[in-house]
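Note sheet for the following structure.
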Amino acid sequence: MKLVLDANIFLNVIFAEKGFLESSKKLLKLIEQKKFKAYISSVTLSEIIWVVHKESGYKKAKEVSSYLKELFELGLIKVVPLDEGIVFRALDFIEKYRLSLVDSLVLSTAVNVKANILVTRDESFKKVKEIKIRIPDELV
40 MKLVLDANIF LNVIFAEKGF LESSKKLLKL IEQKKFKAYI SSVTLSEIIW
90 VVHKESGYKK AKEVSSYLKE LFELGLIKVV PLDEGIVFRA LDFIEKYRLS
140 LVDSLVLSTA VNVKANILVT RDESFKKVKE IKIRIPDELV
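Shown next, in the form of structure tokens:
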């Protein structure tokens, strides 16, 4: 099963967010065990690093970068670069669902890779019809 992960799944674990940590951690463990095929948008990668740097500083952002690079190098998570098709489709999602630019790019990426599920805790995705939206708790 193909999953696209939103930034909040990683941030739940990085910041040990109460109520969200365990299920997000379990999902990442299942991905490490190759139970799911996982993707993230290059925008999601940027968002993760930016938020960690902003909240915890350069050193923590470098640690997180190293962990993510390892996942990418092992082929456990594939980073999907933006291209014109993803960007132009995102514009349609901005108009249709009133999503932010970043959320629209994440959704467009999920549609582009033909993912089965977009995993997010972001409430703004609830109205989306193009793909199943799930929280980690529903997959672990």
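For the sequence shown, this note's numbering gives the first residue as 40, with consecutive numbering after it.
Virtual Cβ for every residue (Gly too), placed ideally from N, Cα, C.
Values in this document were obtained by computation on a predicted structure and should not be read as measured data.
Check, Outcome
"May I have the straight-line CA-CA distance separating F2 from E134, to the nearest angstrom?", "One cannot answer for residue 2 here, as it falls past the ends of the chain, which runs 40 to 179."
"Express the C-alpha separation of S95 and I87 in angstroms, rounding to a whole number.", "12 Å"
"Taking buried to mean at least 16 other C-beta atoms within 10 Å of its own C-beta, is V126 buried or exposed?", "exposed"
"Give me whichever residues DSSP pairs with K171 in a beta bridge.", "I156"
"Here's the rule I'm using: 16 or more other beta-carbon atoms within 10 Å means buried, otherwise exposed. How should S105 be labelled?", "exposed"
"For chain D, find out if any of its Cβ atoms is closer than 8 Å to the Cβ of I170; answer yes or no.", "Among the chains in the structure shown there is no chain D, since it carries only a single protein chain."
"Quick one: residues in its chain with C-beta nearer than 6 Å to the C-beta of K41, no 5 flanking neighbours on either side, listed in chain order?", "K76, A154, N155"
"Can you list the beta strand (DSSP E) stretches of 3 or more residues lying completely in the stretch 86-168, in chain order?", "116-119, 156-158"
"Taking all protein chains shown into account, do 16 or more other C-beta atoms lie within 10 angstroms of the C-beta of P175, making it buried, or fewer, making it exposed?", "buried"
"Okay, do the stretch 113-131 and the stretch 140-159 touch, 3+ Cβ pairs below 8 Å being the bar?", "yes"
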